[in-house]
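Once you know that position 10 of the sequence shown is 30 in the working numbering, the rest is easy, because the numbers rise by one and skip nothing. Think of the CB as a built atom: it goes at the ideal place given N, C-alpha and C, for glycine as much as any other residue. Keep in mind that this is a model prediction, so the values were computed, not measured. A short worksheet on the structure shown next.
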Amino acid sequence: NPDTHNRPSFSDISSSLSSPDKQLLMINKEDPVTVLGGALKTSHSLYTDLQYMYKN
21 NPDTHNRPSF SDISSSLSSP DKQLLMINKE DPVTVLGGAL KTSHSLYTDL
71 QYMYKN
């Protein structure tokens, strides 16, 4: 999640990944970032704090 405060914790991610395969494959098709082959510009402004951390 681009908003630092809304990112899931490690335990949330672990719990989510233990879900049944069918549930894991359900993707929000309304989110432009999840579109395969979507415009790269869509993701450039996401996770700016992480981008900064890796650049420095």
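- Secondary structure note for Leu37: its alpha helix (DSSP H) is the uninterrupted segment 30-37.
- Under the three-state reduction of DSSP output, Leu45 falls in the coil class, being neither helix nor strand.
- Listed in chain order, the non-local C-beta contacts of Leu70 below 6 Å within the same chain number zero, local neighbours out to five positions each way being set aside.
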